[in-house]
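Structure record follows, encoded as structure tokens.
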Amino acid sequence: MSAGPALSFEQVSKRFGATVAVDGVSIEIGAGEFFALLGPSGCGKTTLMRIAAGFETPDEGRVTIGGADVTARPPHRRPVNMMFQSYALFPHMSVADNVAFGLRREGMARADVAARVAEMIRLVQLQGMETRRPDQLSGGQRQRAALARALARRPRLLLLDEPLAALDRKLREETQFELMDIQKRLGTAFVVVTHDQDEAMAMADRIAVMRAGRIEQVGAPAEIYERPRSRFVAEFIGEINLFEGRVTAARDSVAHIDTAEGAIAANCARAPEQGARLAIAVRPERMQFGGGINSLEGVVHDFAYRGDRRIFRVRLASGRLVRLSAPVGRDAPAAGAQVNIAFDPSACVLLDA
Amino acid sequence: MRKGRLSTGARLALGAPYLWIALFFLAPLALVLKISLSMSVIAQPPYEPAFAFGAGLAEWVAQAQKFSTESYRGLLDDPLYLQSCLTSLAIAGVSTLIALLVAYPLALAIVRSSPRLRPLLIGLAVAPFWTSFLIRVYAWIAILKEEGLLNHALLALGLVDEPLAIFATNTAVVIGIVYSYLPFVILPIYNSLERQDASLREAAADLGASELQTFWTVTLPLSAPGVVAGALLMFIPAVGEFVIPDLLGGSDTIMIGRTMWNDFFENRDWPTASAGAIALLALLVGPIVWFERRQMREAVR
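Going line by line, the protein sequences match chains A and B.
Residue 9 in our numbering sits at position 9 of the first sequence; the count goes up by one each step and never skips.
With positions in the second sequence counted from 1, the corresponding number in our numbering is that position plus 353.
Here is the structure:
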């Protein structure tokens, strides 16, 4: 087996007629990594995955799997398997036959096939369901059967297209942990395509956020959440408050920005130019009631109860609504109450306006 | 509406198909069955017993006692019926096989064509229906006869030295039947292929199956209901086909439809012909019932 990244895209582009689905994407996904391609529908994430599986041929660029160039290889000759969003289980075959399908194509000996199928069935906990047909399974069981089938050939790379989209909420969370568990146990690189940021944040080691065929940002979930590199990423991942303004001064890695809500001080790695138009992004949980360095006045508009915390919407003097997330239990202001909200300069992320 | 109770309108709507079947299938069938149990006589109608309207119940019962199964026994004794029945099954069977081999690739090609082109191709597949069936069969005479288009073309191309004797043979009948029934086979196969989820083929390829392996392990098995439906839709009427063998076949092509026609119109032996019709029906109903049951079981699963 060759070394190298489990999967790499090098300047990959794909056009469908006039639309550019994938636009010069380069990513490397390491062996054993849990990677998520995240983006809104139509951002090109599914096309990128289908290029990896071999169902689409890129117009430009190179795709390698385990270091080997597979750009021109048809799907059935690629050392990669895919779990389809619809699961695509063969309806005329039992669960066991579905799982055995890929092994039989390899020409594996009967006894070995049986042993591997049993192992996979155990892995996804479908014991006793071997002889059932897909339409005799529940949604969650079908998902497991599809996973077992995709993993049966022991690929070094597994592609999962919206693996949890068809499950209901409770099951989705359970399944998330199971997928992570199985991934860790097998050491297979997982590439998950999803439009659900919570799912990506919960499961992935690294996330690539895609927009209009391009990669906006690649990084660990915490990095993407706390240090978004663009307004798009900041707004797509989680909830965020944005203040736009002009830089009035910048020194000692603190920028002072004049906004419609007043002057705001924000930490910055590199001092922005004076007079530059910027956006300041602050997560709701980084804002507090009370005084502080960046202090704004407002009135509580309403709040939503989220169990462990409340999400307040506060209308500022400028007329705009900001979101503030606070733990439940403290003496929280009621709707209509006059409040002061504050946030530390370190809570601010400066983005191009 | 109370549970288990249906409104009058709903009852009528549900009853309509049954009424239709009773009027146009069961009633004629009962008449044929009755005639098949009668005896041939030289009279008008050419069989007895005859049940006159208003004759009274006692008279009817007396007449009914004259029913016999002699016509059915006659069928078994008459080698012509057995022979023509076997010929019909063979010709219909061969024709159905050929039609499946032609129709399947056509249906597959239509399904795999671009969605914009598909309605046009389906339209072309059923286009022959816009012309009278009889005219199309006559056209085949012009094509297949010794001085016909086919032989002219083959001779001109130097592929044969002397004209092929196709017309008035079983081969001509098979060609005619395959041609006439082909759309009935294409449509159900197309239907079953069209309903297949495209991701199933991708899944097969993803799991290492070549195009050919994917076809044998996924596409073909999943289209089996369409293949069986198409085969039955063609085979059953083809067995009883009368016009095509009459026009394209030779004097030695004696299919069951021809034999019954002869008994009805030339020998005026209505009971025997009716017995033949009932026997043929019984022979063909078996497979249909089997297929329907199988479909039902599939649907329940």
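C-beta: ideal position from N, C-alpha, C; glycine also.
No experiment lies behind these values; they were computed from the predicted model shown.
- request: Ignoring anything shorter than 4 residues or poking outside the segment 553 to 624 of chain B, list the alpha helix (DSSP H) runs there in chain order.
  value: 564 to 567, 577 to 592, 596 to 601 and 609 to 614
message: Quick check on residue 464 of chain B: does DSSP put it in helix, strand or coil?
response: Start at 1 with the first residue of the second sequence, and residue 464 of chain B comes out as number 111. Residue state, collapsed to three classes: helix.
message: Given this structure, state the Cα-to-Cα distance separating residue 349 of chain A from residue 196 of chain A, to the nearest angstrom.
response: The residue given as residue 349 of chain A occupies position 349 in the first sequence. The residue given as residue 196 of chain A occupies position 196 in the first sequence. Looking at the two C-alpha atoms, the distance is approximately 23 Å.
- prompt: Which chain A residues are close to residue 574 of chain B, counting only those with a beta carbon under 8 Å from its beta carbon?
  reply: Within the second sequence, numbered from 1, the residue matching residue 574 of chain B stands at position 221. Ordered by position in chain A, the residues that pass the 8 Å Cβ test against residue 574 of chain B are 92.
- request: State the Cα-Cα distance for the pair residue 42 of chain A and residue 213 of chain A, rounded to the nearest angstrom.
  value: Working through the first sequence from its first residue, we reach residue 42 of chain A at position 42. Working through the first sequence from its first residue, we reach residue 213 of chain A at position 213. Rounded to whole angstroms, residue 42 of chain A to residue 213 of chain A spans 8 Å at the Cα level.
- request: Find out if the Cβ-Cβ distance for the pair residue 159 of chain A, residue 124 of chain A is shorter than 9 Å.
  value: By one-based count along the first sequence, residue 159 of chain A stands at place 159. By one-based count along the first sequence, residue 124 of chain A stands at place 124. No, the pair does not count as a contact, with Cβ atoms beyond the cut-off.
- request: Grab me the residues of residue 594 of chain B's own chain with a C-beta within less than 7 Å of its C-beta, minus the 5 sequence neighbours each way, in chain order.
  value: Position 241 of the second sequence holds residue 594 of chain B. So the qualifying residues of the chain are 530, 608 and 610.
message: Can you tell me whether residue 422 of chain B is buried or exposed? The criterion is at least 16 other CB atoms within 10 Å of its CB, across all chains shown.
response: In the second sequence, residue 422 of chain B corresponds to position 69, counting from 1. Residue 422 of chain B counts as exposed, since fewer than 16 other C-beta atoms from the protein chains shown sit within 10 angstroms of its C-beta.
field: Bridge partners - residue 10 of chain A, DSSP secondary structure assignment
entry: The residue given as residue 10 of chain A occupies position 10 in the first sequence. A/62, per the DSSP bridge assignment.
query: Does the beta carbon of residue 18 of chain A sit closer than 9 Å to a beta carbon anywhere in chain B?
result: The residue given as residue 18 of chain A occupies position 18 in the first sequence. Not one chain B Cβ lies under 9 Å of residue 18 of chain A.
task: With DSSP as the reference, label residue 432 of chain B as helix, strand or coil.
output: Within the second sequence, numbered from 1, the residue matching residue 432 of chain B stands at position 79. Helix.
- prompt: So, is residue 374 of chain B buried or exposed, given that buried needs 16 or more other C-beta atoms within 10 angstroms?
  reply: Locating residue 374 of chain B in the second sequence gives position 21, where the first residue counts as 1. When all chains shown are included, residue 374 of chain B counts as exposed.
message: Restricting to Cα atoms, I'd like to know which of A/72, A/40 and A/339 is closest to residue 12 of chain A.
response: Stepping through the first sequence from its first residue, residue 12 of chain A is reached at position 12. Of the listed residues, the one whose Cα sits closest to residue 12 of chain A is A/72.
query: How many Å lie between residue 382 of chain B and residue 359 of chain B at the Cα?
result: In the second sequence, residue 382 of chain B corresponds to position 29, counting from 1. In the second sequence, residue 359 of chain B corresponds to position 6, counting from 1. Those two C-alpha atoms are separated by around 31 Å.
- prompt: Is the CB of residue 119 of chain A under 9 Å away from at least one CB in chain B?
  reply: Within the first sequence, residue 119 of chain A is the residue found at index 119, counting from 1. Not an interface residue.
- prompt: Are residue 210 of chain A and residue 37 of chain A close, meaning C-beta to C-beta below 9 Å?
  reply: Along the first sequence, read from residue 1 onward, the residue named residue 210 of chain A stands at position 210. Along the first sequence, read from residue 1 onward, the residue named residue 37 of chain A stands at position 37. Going by C-beta atoms, residue 210 of chain A is nearer than 9 Å to residue 37 of chain A.
field: Test item: CB-CB of residue 101 of chain A and residue 51 of chain A under 9 Å
entry: Taking the first residue of the first sequence as 1, we reach residue 101 of chain A at position 101. Taking the first residue of the first sequence as 1, we reach residue 51 of chain A at position 51. No, they are not a contact pair.
- request: Mind the definition here: the segment 413 to 428 of chain B touches the segment 617 to 630 of chain B only if three or more C-beta pairs lie below 8 Å; say whether that holds.
  value: Counting Cβ pairs under 8 Å, three or more are found: they touch.
- prompt: Are the C-beta of residue 105 of chain A and some C-beta of chain B separated by less than 9 Å?
  reply: By one-based count along the first sequence, residue 105 of chain A stands at place 105. Cβ-Cβ to chain B under 9 Å: yes for residue 105 of chain A.
- request: Output yes if chain B places a C-beta closer than 9 Å to the C-beta of residue 347 of chain A; else output no.
  value: The residue labelled residue 347 of chain A in the question sits at position 347 within the first sequence. For residue 347 of chain A, the answer is no, since every Cβ of chain B falls outside 9 Å of its Cβ.
query: Three-state secondary structure (DSSP) at residue 397 of chain B?
result: For the purposes of this step, residue 397 of chain B is taken as the residue at position 44 of the second sequence. Coil, per DSSP.
field: Contact check, residue 342 of chain A vs residue 292 of chain A, beta carbons under 9 Å
entry: Residue mapping note: residue 342 of chain A aligns to position 342 of the first sequence, counting from 1. Residue mapping note: residue 292 of chain A aligns to position 292 of the first sequence, counting from 1. Against a cut-off of 9 Å, the Cβ pair of residue 292 of chain A and residue 342 of chain A comes out as a contact.
query: Would the beta-carbon of residue 537 of chain B fall within 9 Å of that of residue 507 of chain B?
result: Walking along the second sequence from the start, residue 537 of chain B turns up at place 184. Walking along the second sequence from the start, residue 507 of chain B turns up at place 154. No, Cβ-Cβ distance for residue 537 of chain B and residue 507 of chain B is not below 9 Å.
- prompt: How long is the line joining the alpha carbons of residue 604 of chain B and residue 521 of chain B, rounded to whole angstroms?
  reply: Your numbering for residue 604 of chain B matches position 251 in the second sequence. Your numbering for residue 521 of chain B matches position 168 in the second sequence. Taking the straight line joining both Cα atoms gives about 8 Å.
query: Just reading off the alpha helix (DSSP H) that residue 236 of chain A is part of, what are its end residues?
result: Here residue 236 of chain A refers to the residue found at position 236 when the first sequence is read from its first residue. 231 to 236 is the extent of the alpha helix (DSSP H) around residue 236 of chain A.
query: Quick one: any contact between the segment 87 to 96 of chain A and the segment 130 to 145 of chain A, if contact means 3 or more CB pairs under 8 Å?
result: yes
- request: Could you tell me which of A/301, A/284 and A/312 sits nearest to residue 344 of chain A, measuring between CA atoms?
  value: Looking up residue 344 of chain A in the first sequence gives position 344. Nearest C-alpha to residue 344 of chain A: A/284.
field: Reduced DSSP secondary structure (H/G/I, E/B, other) of residue 41 of chain A
entry: Within the first sequence, numbered from 1, the residue matching residue 41 of chain A stands at position 41. In this structure, residue 41 of chain A counts as coil in the three-state DSSP scheme.
Any C-beta of chain A under 9 Å from that of residue 560 of chain B: One-based indexing of the second sequence puts residue 560 of chain B at position 207. Judged by the 9 Å Cβ criterion, residue 560 of chain B is in contact with chain A.
- request: Under 9 Å between beta-carbons, which chain B residues line up against residue 67 of chain A? List them in chain order, please.
  value: For the purposes of this step, residue 67 of chain A is taken as residue 67 along the first sequence, with counting starting at 1. Near residue 67 of chain A there are no residues of chain B at all, since even the closest Cβ is about 20 Å away, more than 9 Å.
query: For residue 244 of chain A, which three-state DSSP category applies?
result: Taking the first sequence and counting its residues from 1, one reaches residue 244 of chain A at position 244. Correct three-state label for residue 244 of chain A: strand.
- request: Kindly provide the ranges of any alpha helix (DSSP H) runs that are 4 or more residues long and lie completely inside the segment 167 to 226 of chain A, ordered along the chain.
  value: 169 to 186, 197 to 203 and 221 to 226
- prompt: Does residue 213 of chain A have its Cβ less than 9 Å from a Cβ in chain B?
  reply: Within the first sequence, residue 213 of chain A is the residue found at index 213, counting from 1. It does not; no Cβ of chain B falls within 9 Å.
CB-CB length for residue 402 of chain B against residue 419 of chain B, believed under 8 Å: Locating residue 402 of chain B in the second sequence gives position 49, where the first residue counts as 1. Locating residue 419 of chain B in the second sequence gives position 66, where the first residue counts as 1. 4 Å between Cβ atoms; contact.
- prompt: With respect to the beta strand (DSSP E) encompassing residue 304 of chain A, which residues constitute its N-terminal and C-terminal limits?
  reply: Here residue 304 of chain A refers to the residue found at position 304 when the first sequence is read from its first residue. Its beta strand (DSSP E) spans residues 294 to 305.
message: Quick check on DSSP: helix, strand or coil for residue 519 of chain B?
response: Along the second sequence, read from residue 1 onward, the residue named residue 519 of chain B stands at position 166. DSSP places residue 519 of chain B outside both helix and strand once states are collapsed to three, so it counts as coil.
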